[in-house]
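2 protein chains.
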Amino acid sequence: MAYQRSPLMQERLADNRQRIVQSARGLIAKGGFREASVTSVAQVAGLSTGAIYRYFPSKADLFVEVLSDAVRRECAILRDIIDRPGSADERLRAAVESFARRALQGPHLAYAFIAEPADPEVEAARILCRQEFSEVFKTVLRQGIASGEFPQQSVDVSGACIVGAFTEALVRPVAPTTKRGADEQLVPAIVDFCARAVAAPATSPGTQKKRRK
Amino acid sequence: MAYQRSPLMQERLADNRQRIVQSARGLIAKGGFREASVTSVAQVAGLSTGAIYRYFPSKADLFVEVLSDAVRRECAILRDIIDRPGSADERLRAAVESFARRALQGPHLAYAFIAEPADPEVEAARILCRQEFSEVFKTVLRQGIASGEFPQQSVDVSGACIVGAFTEALVRPVAPTTKRGADEQLVPAIVDFCARAVAAPATSPGTQKKRRK
DNA sequence: TGAAAAAGTGAAACCACTTTCACAAATGTA
DNA sequence: TACATTTGTGAAAGTGGTTTCACTTTTTCA
Numbered sequence: 001m002a003y004q005r006s007p008l009m010q011e012r013l014a015d016n017r018q019r020i021v022q023s024a025r026g027l028i029a030k031g032g033f034r035e036a037s038v039t040s041v042a043q044v045a046g047l048s049t050g051a052i053y054r055y056f057p058s059k060a061d062l063f064v065e066v067l068s069d070a071v072r073r074e075c076a077i078l079r080d081i082i083d084r085p086g087s088a089d090e091r092l093r094a095a096v097e098s099f100a101r102r103a104l105q106g107p108h109l110a111y112a113f114i115a116e117p118a119d120p121e122v123e124a125a126r127i128l129c130r131q132e133f134s135e136v137f138k139t140v141l142r143q144g145i146a147s148g149e150f151p152q153q154s155v156d157v158s159g160a161c162i163v164g165a166f167t168e169a170l171v172r173p174v175a176p177t178t179k180r181g182a183d184e185q186l187v188p189a190i191v192d193f194c195a196r197a198v199a200a201p202a203t204s205p206g207t208q209k210k211r212r213k
Numbered sequence: 214m215a216y217q218r219s220p221l222m223q224e225r226l227a228d229n230r231q232r233i234v235q236s237a238r239g240l241i242a243k244g245g246f247r248e249a250s251v252t253s254v255a256q257v258a259g260l261s262t263g264a265i266y267r268y269f270p271s272k273a274d275l276f277v278e279v280l281s282d283a284v285r286r287e288c289a290i291l292r293d294i295i296d297r298p299g300s301a302d303e304r305l306r307a308a309v310e311s312f313a314r315r316a317l318q319g320p321h322l323a324y325a326f327i328a329e330p331a332d333p334e335v336e337a338a339r340i341l342c343r344q345e346f347s348e349v350f351k352t353v354l355r356q357g358i359a360s361g362e363f364p365q366q367s368v369d370v371s372g373a374c375i376v377g378a379f380t381e382a383l384v385r386p387v388a389p390t391t392k393r394g395a396d397e398q399l400v401p402a403i404v405d406f407c408a409r410a411v412a413a414p415a416t417s418p419g420t421q422k423k424r425r426k
């Protein structure tokens, strides 16, 4: 009697599941978690509300999957950039730029994934994602510091600051009318900011007391 | 017949209003907007739920007031620091440090005010607050650039990045167990990061192509 | 003091959503 | 085809909050 799903059926189910995740991601990208009600997700995915609960035990679980799915992909891209040859500075710049450019295409999405608060359950997942995420940046930082290219600094803080810096710089323009042209200078400006922040030889030139390590 | 409120009554009403705002702020500080339901606010303020609606037409309006109230105060402090004599670097550092220290005492509050999304109405108010806010940082940046102390850069982007950088660096430790000791190094590390980011003489020393303005 | 107005109350209406469930449709086995 | 089992449906129940409102209490003013 053992019930056996035909390969076709299996595929269709997997397809539905994926379409649900995609729909959720799309809606989040459009208007944050607020926009992504279960009903809307179902509608976009072409299923009934109830069907969602055959694939995910709860809305939170769905969101967690959407989140970790996106982060996994993003991390892979970044890790790839980081692992290429070149100076730490170059690689950091490339990573920041790549991240920023993609975030700029879906600022709501980036915001939701990085900053927008949600159920404790989702929040917990995000903490893990962030760690995984900032770890990538910390890797270059460590390498740069080890090679003497970057000055001594807290990689934890710098990693967080980098993420924060471009999140803020990218996400804020969402609210007012995002001017097309502005983007052109925006990304390089952010990249420069981050590069200076981690790579500057010491603190300020003039009045500041010198730091030593 | 014109009804006239006695001074005593007037004072009591003003007092209630203020207590409502305070209660809301306190609850937000404790657990973000999530925690600050109208019922809770009323309870903490020692009033009935309905009474709140005599002082504020809606929850959103209350939040807007809480927000702008806090930002006004914070901006005043920062503007004060910025206006003191000294190098741009020194003043920027002082401002960032001051902000960071206060934010660290109520990270949830800082987070809610800077990042946590809310009703469109509140969100709109936040945009105004942010502008007012980043304006302060931009002032020092402009001064520093004018005097040649800082390199040429987009003050808009740098301003946003500074706010973002320390928001992220400060807010993230909220979720995991915030270690007491960590704070000691945290603030200087953030200050250094920001100072390097805006004050570094140019981009990186080695491999990077030179920028010209 | 008494009448009119305002302030305060809290239970209930309301709202926007998530989640469930009795049922219908489709799929697999014989 | 008949029957078990799984998948899909959407109306309805449940949830957690905001907002309203008939009412009580307090304040103002004659």
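Protein chains in written order, with the working numbering: chain E, 1 to 213; chain L, 214 to 426.
The beta-carbon is built from N, C-alpha and C at its ideal position, and this holds for glycine as well.
{"Check": "So the candidates are E248/L, A237/L, E224/L and S367/L; which of them puts its Cα closest to the Cα of Q185/E?", "Outcome": "S367/L"}
{"Check": "Which residues mark the beginning and the end of the alpha helix (DSSP H) in which R84/E is found?", "Outcome": "Here R84/E belongs to no alpha helix (DSSP H), and DSSP marks it neither H nor E."}
{"Check": "Output yes or no for whether 7 Å exceeds the beta carbon distance between A382/L and A160/E.", "Outcome": "yes"}
{"Check": "Starting from the C-beta of A195/E, find all residues in its chain whose C-beta is less than 7 Å away, skip the five residues before and the five after it, and write them out in chain order.", "Outcome": "D89, L92 and R93"}
{"Check": "What is the DSSP secondary structure of R355/L, counted as helix, strand or coil?", "Outcome": "helix"}
{"Check": "Do the CB positions of G239/L and T167/E come within less than 7 Å of each other?", "Outcome": "no"}
{"Check": "Closer than 8 Å, Cβ to any Cβ of chain L: which residues of the stretch 19–33 of chain E, in chain order?", "Outcome": "G32"}
{"Check": "Is the Cβ-Cβ distance between A337/L and F246/L less than 7 Å?", "Outcome": "no"}
{"Check": "Once you ignore the five residues that flank S98/E on each side, which residues in its own chain have a CB closer than 8 Å to its CB?", "Outcome": "I77, L78 and I81"}
{"Check": "Cα-Cα, which of V279/L, R230/L and I241/L is closest to I265/L?", "Outcome": "R230/L"}
{"Check": "Along the chain, where does the alpha helix (DSSP H) containing R232/L start, and where does it finish?", "Outcome": "P220 to E248"}
{"Check": "I'd like to confirm something about E248/L: is its beta-carbon nearer than 6 Å to some heavy atom of the ligand ADP, or not?", "Outcome": "The ligand ADP is absent from the structure shown, which contains no ligands of any kind."}
{"Check": "Verify the CB distance criterion: does F99/E have a CB-CB separation below 7 Å to chain L?", "Outcome": "no"}
{"Check": "For I403/L, would you say it is in contact with chain E, using Cβ-to-Cβ distances shorter than 7 Å as the test?", "Outcome": "yes"}
{"Check": "Leaving out five residues before and five after R180/E in sequence, what residues of the same chain have Cβ atoms less than 6 Å from its Cβ?", "Outcome": "Only weak support is given to the placement of R180/E: the predicted model assigns it a pLDDT of 48, under 50, and the value that follows is read from those uncertain coordinates. Nothing listed; no residue qualifies."}
{"Check": "Quick one: residues in its chain with C-beta nearer than 7 Å to the C-beta of A255/L, no 5 flanking neighbours on either side, listed in chain order?", "Outcome": "S261, T262, A264 and I265"}
{"Check": "Taking the alpha-carbon positions, what's the A24/E to Q4/E distance?", "Outcome": "29 Å"}
{"Check": "Using CA coordinates, which residue listed in A29/E, I20/E and K30/E is at the minimum distance from V38/E?", "Outcome": "I20/E"}
{"Check": "I'd like the list of long-range same chain contacts for V64/E, defined as Cβ closer than 8 Å, with 5 residues on each side in sequence excluded.", "Outcome": "E121, V122 and A125"}
{"Check": "Is there a Cβ of chain E sitting closer than 7 Å to that of A413/L, yes or no?", "Outcome": "yes"}
{"Check": "Which residue comes first and which comes last in the alpha helix (DSSP H) that contains P320/L?", "Outcome": "P320 to I327"}
{"Check": "Taking 7 Å as the threshold (beta carbon to beta carbon), is V368/L in contact with chain E?", "Outcome": "no"}
{"Check": "Give the DSSP-derived three-state secondary structure of L399/L in the structure shown.", "Outcome": "helix"}
{"Check": "Leaving aside the five residues before and after A242/L along the sequence, list all residues of the same chain whose C-beta is less than 6 Å from its C-beta, in chain order.", "Outcome": "G319, H321 and L322"}
{"Check": "Within 7 Å (strictly less), CB to CB, does S40/E reach chain L?", "Outcome": "no"}
{"Check": "How would you list, in chain order, the residues of chain L whose beta-carbon sits under 7 Å from the beta-carbon of F193/E?", "Outcome": "V370, S371, C374 and A410"}
{"Check": "Residues of chain L with a CB under 8 Å from the CB of L104/E: which are they?", "Outcome": "By Cβ distance, chain L contributes nothing, its closest Cβ being about 13 Å from L104/E, past 8 Å."}
{"Check": "Using a Cβ-Cβ distance under 7 Å, would A378/L count as near chain E?", "Outcome": "yes"}
{"Check": "Do V140/E and A402/L have their C-beta atoms closer together than 7 Å?", "Outcome": "no"}
{"Check": "Can you pull the chain E residues whose beta carbon is under 9 Å from the beta carbon of E381/L, in chain order?", "Outcome": "I114, A115, A160, C161, I162, V163, G164, A165, T167 and E168"}
{"Check": "Taking the Cβ atom as the reference point for each residue, do A197/E and F406/L lie within a distance shorter than 7 Å?", "Outcome": "yes"}
{"Check": "Strictly below 7 Å CB to CB, what residues from chain L border L186/E?", "Outcome": "V370"}
{"Check": "Under 8 Å by Cβ, that's how I've got A70/E and F113/E pegged, so tell me the actual separation to the nearest angstrom.", "Outcome": "6 Å"}
{"Check": "Ignore the nearest five residues each way along the sequence and tell me which others in A388/L's own chain have a CB closer than 8 Å to its CB.", "Outcome": "Caution is warranted here: a pLDDT of 43 is assigned to A388/L, below 50, making its placement in the model unreliable, and no coordinate value can be reported."}
{"Check": "So is L128/E buried or exposed if we call it buried at 16+ other beta carbons inside 10 Å?", "Outcome": "exposed"}
{"Check": "Which first and last residues belong to the alpha helix (DSSP H) in which Y3/E is found?", "Outcome": "Y3/E -> no alpha helix (DSSP H), and no H or E assigned at all."}
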